[in-house]
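Here is the structure we will look at.
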Amino acid sequence: AIPDLSALGYRLVGGRLVPVGGQAGAMLMYEDKGGERITVLIGRNDGNRTTSFRYMSEGAVETFYWIDGAIGYAVTGEVSRETLQAIADACYKQFDS
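Residues in the sequence shown are numbered consecutively from 227, following our numbering.
Here it is, written out as structure tokens:
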């Protein structure tokens with residue numbers, strides 16, 4: 227299921243199948259009313275069985291990524307860390323259900 231981020235002010239504007247680690251993955255793009263965009267990347271790694279959560283910053287771009295079993299997720303955008311965390315939390319809850 228594609229996460230609904232409307233409660234956080236973001237609407238889905240598109241998605242693509244993309245390669246992630248040599249397998250098919252998905253990239254979803256969301257946009258807020260001001261035109262700011264975030265992406266959600268989802269990929270599979272059947273060899274991984276751990277769960278981990280991490281942040282990465284490069285300039286103004288923030289990324290929060292996590293691995294949950296065989297699936298990896300990343301949320302990226304030029305937003306505050308707090309906003310990114312809220313988006314990642316919403317995605318995590320919706321992917322988990």
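A virtual CB, placed ideally from N, CA and C, is assigned to each residue, including glycine.
Keep in mind the model is a prediction, meaning the values are calculated, not measured.
Alpha carbon to alpha carbon, how far is residue i from residue j?
{"i": "Leu234", "j": "Val301", "result": "14 Å"}
{"i": "Ser306", "j": "Leu231", "result": "16 Å"}
{"i": "Lys259", "j": "Tyr236", "result": "7 Å"}
{"i": "Leu254", "j": "Ile264", "result": "8 Å"}
{"i": "Gln311", "j": "Leu267", "result": "15 Å"}
{"i": "Gly248", "j": "Ile297", "result": "14 Å"}
{"i": "Ser323", "j": "Pro229", "result": "Reliability fails at Ser323, whose pLDDT of 47 lies under 50, so the model's placement of it is uncertain and the value that follows must be treated cautiously. The straight-line gap from Cα to Cα measures roughly 11 Å."}
{"i": "Gly269", "j": "Pro245", "result": "8 Å"}
Could you please give the first and the last residue of the uninterrupted beta strand (DSSP E) stretch that includes residue i?
{"i": "Tyr236", "result": "Per DSSP, Tyr236 belongs to no beta strand (DSSP E) and is neither H nor E."}
{"i": "Gly251", "result": "249–257"}
{"i": "Thr277", "result": "277–284"}
Taking the DSSP output, what are the residues bridged to residue i?
{"i": "Val301", "result": "Val266, Phe290"}
{"i": "Glu308", "result": "Bridge partners of Glu308: none, in fact."}
{"i": "Pro245", "result": "Ala250"}
Name the residue from the options whose alpha carbon lies nearest to the alpha carbon of residue i.
{"i": "Glu284", "options": "Gln311, Phe321, Ala227, Glu304", "result": "Glu304"}
{"i": "Tyr281", "options": "Ala314, Pro245, Val246", "result": "Ala314"}
Say whether the stretch 235–255 touches the stretch 275–293, bearing in mind that this needs 3 or more beta-carbon pairs closer than 8 Å, one atom from each stretch.
-> no
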